[in-house]
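What follows is a single structure, written as structure tokens, with notes after it.
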Amino acid sequence: MTKPTSRLLHGLGLTVVVAFSLFPFYWMVTSSLKDQTDLLASPPVWTFAPTLEHYRAIFADQKVVNAVINSLIVATSTTILAVMLGAPAAYALARFDFRGKQDLWFWFISNRMISPIVLALPIYLLAMQLGLLDTHLVLILIYLTFNLPIVVWICTDQFRSIPPELEQAARLEGANQWIIFSKIYVPLGVPGIAVSAIFSFIFSWNELLYALVLTRRTVQTAPVVATSFMSGYELPWGKIMATGTVIVLPVTVFALLVSKHMIRGLTMGATK
Amino acid sequence: MADAVDRRPNRGYGRWTPFWFLAPAVFTLLAIGIYPTIFAAVTSFRQYNITRPRDGFPFVGLENYFTVLSDDTFWATLGLTGRFFLTVIPIQVALGIGIALLLHTPGLGVLRALARVTLVVPLATTYAVVGLIGRLIFNRDFGVANQALDFIGIGGLDWLGSPAGAFAAIAMMDIWQWTPFCALIFLAGLSMVPTEIEEAARLETRSKFMMLRHVQLPYLLPGLTAMLILRSADVLKLFDMVFVMTRGGPGAATDLVSVYIQRVGFRVFDLGVASAQAILLLVLTILLARLYIRLLYREIE
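Listed in order, the protein sequences are those of chains H and W.
The opening position of the first sequence corresponds to residue 894 in this note's numbering, with each subsequent residue numbered one higher.
The opening position of the second sequence corresponds to residue 11 in this note's numbering, with each subsequent residue numbered one higher.
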């Protein structure tokens, strides 16, 4: 193959990758800007006069606004808790030697693999008995089961990369273990802590099964409300796609901004 | 413990220090993870249908397990989950390697960086919203998938209304969402091939395939292993996207195991049987996790 041809093929391939990654997302956003006629046009239309009517409709709908607020409360709280509980544990796993350390690390990670449906049933029964159904608290706690492992996983790796000499120097000056953790490991481990917090936020923001099962009316989260539009005969496609965009867009923009770190976070463990 | 102290006299921390750092996380996970699991295990030995509270919740021994193990639908949903895995994974691996190689090839800086960054978009998209988009794209009347088929001369397909179409549709949405993950893992693997080795090999052969097979493949295998196991756990718990897109239908064409258990538990409200199903799924997940641990341990050593 000659140089220009291979360059052309390479460029073509990359363009296909970009189109592949963006198309469904692009289609959702553009659909949310079409009026009902354009939305239901057969065959589908690619050029149209954009309208914000669906966005006006969903933001006038208290249900959607509340759902976004609920999602924010739940995702933020569970992320903060996961980092507060996970980062110290990661420090212990990264820098101390004790029996069963490897097993403990794997136990943390394996929590990530459990299907939500396994825990959803008993949590539902427990929450019902304790009167916790349809509260933020029950979602915040249950989301820890998949966020805490992520924080432990990513932060352990991050803390390992911090030079142990810093810790030894601080110890010679008489710093206790807690000071060492909070004054050395937390500040230097910020990239790892931030990446794990981002993942934790995204996972909680996106969760549907627990939210579907454990909430009723007051604490419905954004994915639940988006899904709830799907019942009924005539589907409000414009509202559905506008809600979808409102849920996905902030997280996606956020993810794009930090994608460099995210990619680093994603490859962890896989490349060990 | 004592001889550990002897060998490393300057450990500089008390024996209980790691415990204090670990305890909050461990006890929290135990409380919200293990307690409910035990609760589920106990429930799985009871008749527990909350639509019939007058029956009480009597202990029935292994009856629920017998019900599940002789339930053809349960096995069918597990089989379908396996088939789904075998459909999407080879495609995700092949596409993932292809994309990783494209991104690894030098040149075209801006476009390459753009392609790499856009891979994050599918990963950040809410699974439930992926399902919503899927319903729009694969709509029989105004879906863009049928427009594409029309373009290449194949008539409109009732994607979500036909068993094969619905299975293909959920597979395609899963491929869209997870191929980037594979691509990024393989890209990380490729970037670990030492440059000297890659350049030396390039002098020997011009064949891209030989290069992949003999030079790059060893660096891709660890990522591939981790990906296979993580994705198999993911497919076992796959729920959101399928629930939104097809609810398991039409018929049982997309009735994956998580969707089925959710239906038994929260539509039929037979929590005893659903708990037995969940415990069996948990056993399967733990077996997978053990496999994961074993493979990962081997890599670390």
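Ideal Cβ placement from N, Cα and C applies to all residues, glycine included.
Which one of H:1125, H:1111, H:1150 has the shortest CA to CA distance from residue 956 of chain H?
H:1111
Looking only at DSSP bridge pairs, what is residue 56 of chain W linked to?
W:69
Distance check for residue 1069 of chain H and residue 11 of chain W, CA to CA, integer angstroms please.
Any reading at residue 11 of chain W is ruled out, since the residue's pLDDT is 40, under 50, leaving its predicted position unreliable.
What does DSSP give as the partner residue(s) for residue 184 of chain W in the beta ladder?
Partner(s): none; residue 184 of chain W has no beta bridge.
Between residue 1177 of chain H and residue 146 of chain W, which are expected to be in contact by the criterion C-beta below 8 angstroms, what is the C-beta distance as a whole number of angstroms?
The structure shown does not extend to residue 1177 of chain H, since chain H spans only 894 to 1165, so no value can be given for it.
Are residue 171 of chain W and residue 156 of chain W closer than 7 angstroms when you measure CB to CB?
no
So the alpha helix (DSSP H) residue 244 of chain W belongs to, where does it begin and stop?
Note, residue 244 of chain W: alpha helix (DSSP H), 227-247.
Assuming residue 235 of chain W contacts residue 298 of chain W (C-beta within less than 8 angstroms), just tell me the rounded distance between them.
Actually they are not in contact, since the Cβ atoms of residue 235 of chain W and residue 298 of chain W sit about 13 angstroms apart, beyond 8 angstroms.
Using the beta-carbon of each residue, which ones in chain W are nearer than 7 angstroms to residue 984 of chain H?
31
So with CB distances below 8 angstroms, who are the chain H contacts of residue 173 of chain W?
Contact annotation for residue 173 of chain W against chain H: no contact, minimum CB-CB distance about 20 angstroms [criterion: below 8 angstroms].
Looking at the secondary structure, which residues open and close the alpha helix (DSSP H) in which residue 1029 of chain H lies?
1029-1053
What's the call for residue 29 of chain W, buried or exposed, on a 16-neighbour Cβ count within 10 Å?
exposed
How big is the Cα-Cα spacing for residue 980 of chain H and residue 1044 of chain H?
7 angstroms
Identify each residue in the segment 1021-1034 of chain H for which the Cβ-Cβ distance to at least one residue of chain W is less than 9 angstroms, and report them in chain order.
1021, 1034
Against chain W, does residue 1114 of chain H count as a neighbour if the rule is that its beta carbon must be under 7 angstroms from one of theirs?
Between residue 1114 of chain H and chain W, the shortest Cβ-Cβ separation is not below 7 angstroms.
Whole angstroms are fine: how far does the CA of residue 200 of chain W sit from the CA of residue 211 of chain W?
Distance between the alpha carbons of residue 211 of chain W and residue 200 of chain W: 14 angstroms.
Is the Cβ-Cβ distance between residue 104 of chain W and residue 982 of chain H less than 7 angstroms?
no
Please report the distance separating the alpha-carbon of residue 1102 of chain H from that of residue 197 of chain W.
32 angstroms
Under 8 angstroms by Cβ, that's how I've got residue 129 of chain W and residue 914 of chain H pegged, so tell me the actual separation to the nearest angstrom.
6 angstroms
Alpha carbon to alpha carbon, how far is residue 1029 of chain H from residue 937 of chain H? Give it in angstroms, no decimals.
The alpha-carbon atoms of residue 937 of chain H and residue 1029 of chain H are separated by roughly 40 angstroms.
State yes or no: is the C-beta of residue 55 of chain W within less than 7 angstroms of the C-beta of residue 69 of chain W?
yes
Select from H:1149, H:1031, H:1040 the residue whose C-alpha is nearest the C-alpha of residue 1113 of chain H.
H:1031
Measuring alpha carbon to alpha carbon, tell me which of W:288, W:187, W:109, W:65 ends up nearest residue 48 of chain W.
W:288
So is residue 122 of chain W in contact with chain H if we call contact Cβ pairs under 7 angstroms?
yes
As a quick exercise: from W:53, W:248, W:189, W:278, pick the residue whose alpha carbon is nearest that of residue 1008 of chain H.
Closest by C-alpha distance to residue 1008 of chain H, out of W:53, W:248, W:189, W:278, is W:248.
Buried or exposed: residue 93 of chain W, going by 16 or more other Cβ atoms within 10 Å of its Cβ?
Residue 93 of chain W is classed as exposed because its beta carbon has fewer than 16 other beta carbons within 10 Å across all chains shown.
For residue 1034 of chain H and residue 1072 of chain H, what's the separation of their Cα atoms in angstroms?
28 angstroms
Going by the CB atoms, is the gap between residue 179 of chain W and residue 219 of chain W shorter than 7 angstroms?
no
What does residue 186 of chain W touch in chain H if you count any residue whose Cβ is under 7 angstroms from its own?
917
Determine contact between the segment 1123-1140 of chain H and the segment 935-955 of chain H, defined as no fewer than three beta-carbon pairs at a distance below 8 angstroms.
A contact exists between the segment 1123-1140 of chain H and the segment 935-955 of chain H.
Please indicate yes or no: does the CB of residue 149 of chain W lie closer than 6 angstroms to some heavy atom of the ligand PLP?
You won't find the ligand PLP in this model; it holds no ligand whatsoever.
Tell me the DSSP secondary structure of residue 931 of chain H in three-state form.
Residue 931 of chain H falls in the helix class under three-state DSSP.
Taking the alpha carbon of residue 1089 of chain H as the point to measure from, which residue in H:972, H:1125, H:1078 has its own alpha carbon closest?
Distances from the alpha-carbon of residue 1089 of chain H to those of H:972, H:1125, H:1078 put H:972 closest.
So residue 117 of chain W contacts chain H; which residues on that side make the cut at Cβ distance below 8 angstroms?
900, 903
Alpha helix (DSSP H) containing residue 1006 of chain H: first to last residue?
Run containing residue 1006 of chain H: none; DSSP gives neither H nor E here.
Tell me residue 954 of chain H's beta-bridge partners as DSSP assigns them.
DSSP, once it has assigned bridges, lists no residue as partnering residue 954 of chain H.
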